[in-house]
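Worksheet: the structure to be examined is printed underneath.
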Ligand SMILES: NC(=O)c1ccc[n+]([C@@H]2O[C@H](COP(=O)([O-])OP(=O)(O)OC[C@H]3O[C@@H](n4cnc5c(N)ncnc54)[C@H](O)[C@@H]3O)[C@@H](O)[C@H]2O)c1
């Protein structure tokens, strides 16, 4: 199905940017919120994104006006009569989403696809609030949506394959990189990211190394920034919410480091609250309150001194990626696109599974076993890794691992 007209519900941080992306691709889009004030704020944000493009010499002013005029602000669903797709970007509360999906189910043409930009809520449950669950799908953009290329397309239990294909084509029309992710807690990217960030927090509270040294080691590996800078940028409060969604779904291997809660209680959210692991606005200095917090956690939980290595942070991500392959969450090639476009995994390493193939699947497996013996459940190796080792799928050195090498 070709998308001639789209609508976005919620003109906040994500909704406004998504509407900008759609208009930039030349597709008319209705941007709806609950009040004229919220709609105006959303339109202002879109205008400022376009203005910056003009200032950077990437867009002619006349072209900007043409594209910007494709966005129509609205506070009413009466403008949804002729849309082919709706993207919902209202607050992350299941009750609000279900109510919005009932409304858009009633106010859009029968053929329209209803997509949600939820970061963590179950697509199947949202679909069940409508009379057309086959046409309900997750369309997960990343922040900032006008910059980030990746889109996770998440079918729920009832989503038709045609809906998924239509959303792949639509995402490509928006010049994005779509990957299909079968429904699971955290979807793909947050599910791979959090074990890595969590392990960094464990290293810190075990006194394994210093903040700056760990951030630097990860940058030397090729990541665009270290884990602590990343948490400060994303917001520790958001990371903590995701941690608990993952803990609820996957149990002990996602058990959050005590440091998350301690920092959350002190509102050390990062950039947005001026204090996180580092101090802001400049991000140069370390938060001076961290050391005493860590000493208190060490005493309370009787924490032994740990050992830091980049592998200790990355192998939980490798392991989770192996579990995703095993559970058919995404194709290995899509996992690689996802980690490079969504997490900044270094391109020269080809993605997290290529990295495992380079290290050697037997090495990854035996190191995970050693870390399991020392640090516990977070490192129990994915059964797929053992099957690969037993079958001689050891990665590059045997010509076969997650990928084939000739
Ligand atoms: N912010 C991020 O980094 C990010 C990234 C990816 C996905 N998401 C997801 O995107 C969604 C939106 O997040 P956000 O950060 O843009 O939230 P936000 O709070 O910035 O914006 C939400 C907007 O929805 C509006 N709204 C509330 N109820 C509405 C209704 N019934 N009809 C129309 N508009 C309504 C609010 O007035 C507000 O303007 C959430 O599901 C979130 O999990 C957020």
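In my numbering, the protein residues as written are 115 to 520.
In this text, a Cβ means the ideal position worked out from N, Cα and C, and glycines have one as well.
Quick caveat: nothing in here was measured; it's all calculated off a predicted structure.
- prompt: Are the Cβ atoms of residue 299 and residue 360 separated by less than 8 Å?
  reply: What you label residue 299 is simply residue 185 of the chain shown in a count that begins at 1. What you label residue 360 is simply residue 246 of the chain shown in a count that begins at 1. With contacts defined as CB atoms closer than 8 Å, residue 299 and residue 360 qualify as a contacting pair.
field: For residue 128 and residue 267, the rounded distance between their alpha carbons
entry: Taking the first residue of the chain shown as 1, we reach residue 267 at position 153. Taking the first residue of the chain shown as 1, we reach residue 128 at position 14. A straight line joining the alpha-carbon of residue 267 with that of residue 128 spans about 16 Å.
query: Tell me the DSSP bridge mates of residue 522?
result: Because the chain spans 115 through 520 in this model, residue 522 falls outside it and cannot be assessed.
- request: Classify residue 440 as buried or exposed, calling it buried when 16 or more other Cβ atoms lie within 10 Å of its own Cβ.
  value: Residue mapping note: residue 440 aligns to position 326 of the chain shown, counting from 1. So residue 440 counts as exposed.
query: Quick one: what does DSSP say residue 146 is sitting in, helix, strand or coil?
result: Counted from its first residue, the chain shown places residue 146 at position 32. Residue 146: strand per DSSP, three-state reduction.
task: Provide the residue span of the alpha helix (DSSP H) that contains residue 345, from first to last.
output: Within the chain shown, the letter at position 231 stands for residue 345. Per DSSP, residue 345 belongs to the alpha helix (DSSP H) from 341-348.
- request: Tell whether a beta-carbon distance below 8 Å holds between residue 202 and residue 233.
  value: Mapped onto the chain shown, residue 202 falls at position 88. Mapped onto the chain shown, residue 233 falls at position 119. Taking 8 Å as the Cβ cut-off, residue 202 and residue 233 do not qualify as a contacting pair.
message: Am I right that residue 248 and residue 222 are in contact with their C-beta atoms under 8 Å? What's the rounded C-beta distance?
response: By 1-based counting over the chain shown, the position of residue 248 is 134. By 1-based counting over the chain shown, the position of residue 222 is 108. 14 Å between Cβ atoms; not a contact.
Nonlocal neighbours in the same chain, by C-beta distance under 8 Å from residue 308, ignoring five residues either side: Sequence index remark: in the chain shown, residue 308 carries index 194 (1-based). Around residue 308: 300, 353, 356, 357, 360, 368.
field: Opposing strand residues paired with residue 188 [DSSP bridges]
entry: Counting from one through the chain shown, the residue named residue 188 turns up at place 74. Bridge partners of residue 188: 146.
- request: Starting from residue 452, follow the beta strand (DSSP E) in both directions and report where the run begins and ends.
  value: Sequence index remark: in the chain shown, residue 452 carries index 338 (1-based). First-last for residue 452: 446-457, but that is the alpha helix (DSSP H), not the beta strand (DSSP E).
Meets three-Cβ-pair contact criterion under 8 Å: the region 278-290 and the region 389-405: The region 278-290 vs the region 389-405: no contact.
query: Looking at the unbroken alpha helix (DSSP H) that takes in residue 266, where does it start and where does it end?
result: Counting from 1 along the chain shown, the entry for residue 266 is found at position 152. Taken as a continuous stretch (DSSP letters only), residue 266 belongs to no alpha helix (DSSP H), being part of the beta strand (DSSP E) at 264-269.
Selected residue, minimal CA-CA separation from residue 425, among 141, 260, 466, 454: Along the chain shown, read from residue 1 onward, the residue named residue 425 stands at position 311. Answer by Cα proximity: 466.
message: If you measure between the beta carbons of residue 243 and residue 263, is that distance less than 8 Å?
response: Here the question's residue 243 lines up with position 129 in the chain shown. Here the question's residue 263 lines up with position 149 in the chain shown. Cβ atoms of residue 243 and residue 263: not closer than 8 Å.
- prompt: Could you check where the alpha helix (DSSP H) with residue 497 kicks off and where it finishes?
  reply: Position 383 of the chain shown, counted from the first residue, corresponds to residue 497. Start and end: 497-504.
task: Using three-state DSSP, classify residue 252 as helix, strand or coil.
output: Position 138 of the chain shown, counting from 1, holds the residue named residue 252. Strand, per DSSP.
- request: Measure from the alpha carbon of residue 286 to the alpha carbon of each residue in 458, 117, 519, then state which is nearest.
  value: Within the chain shown, residue 286 is the residue found at index 172, counting from 1. Of 458, 117, 519, the residue nearest in Cα terms is 117.
Residue 518 (DSSP reduced to helix, strand or coil): In the chain shown, counting from the first residue as 1, residue 518 sits at position 404. Note: residue 518 maps to strand in three-state DSSP.
query: Hey, out of 423, 477, 500, 516, whose CA is closest to residue 468's CA?
result: Locating residue 468 in the chain shown gives position 354, where the first residue counts as 1. Sorting 423, 477, 500, 516 by C-alpha distance to the C-alpha of residue 468 places 516 at the top.
query: Comparing the CB of residue 277 with every heavy atom of ligand 1, is any distance shorter than 7 Å?
result: Here residue 277 corresponds to residue number 163 of the chain shown, with the count starting at 1. No, ligand 1 has no heavy atom inside 7 Å of this Cβ.
query: For residue 131, does the count of other Cβ atoms within 10 angstroms reach 16, so buried, or fall short, so exposed?
result: For the purposes of this step, residue 131 is taken as the residue at position 17 of the chain shown. Burial call: buried.
field: Sub-8 Å separation of residue 185 and residue 227 beta-carbons
entry: Translated into positions along the chain shown, residue 185 becomes position 71. Translated into positions along the chain shown, residue 227 becomes position 113. Between residue 185 and residue 227, the gap from beta carbon to beta carbon reaches 8 Å or more.
message: According to DSSP, is residue 259 part of a helix, a strand, or is it coil?
response: Position 145 of the chain shown, counted from the start, is the residue given in the question as residue 259. Shown here, residue 259 sits in coil according to DSSP, grouped into three states, outside any helix or strand.
- request: Could you tell me whether the Cβ atoms of residue 499 and residue 479 are closer together than 8 Å?
  value: Taking the first residue of the chain shown as 1, we reach residue 499 at position 385. Taking the first residue of the chain shown as 1, we reach residue 479 at position 365. In contact: residue 499 and residue 479 (Cβ atoms closer than 8 Å).
query: Bridge partners of residue 384, per DSSP?
result: Stepping through the chain shown from its first residue, residue 384 is reached at position 270. Residue 384 pairs with 389.
Nearest-angstrom beta carbon gap, residue 303 and residue 457 [assumed within contact, 8 Å]: Position 343 of the chain shown, counted from the start, is the residue given in the question as residue 457. Position 189 of the chain shown, counted from the start, is the residue given in the question as residue 303. With 8 Å as the limit, residue 457 and residue 303 qualify as a contact, their Cβ atoms being about 6 Å apart.
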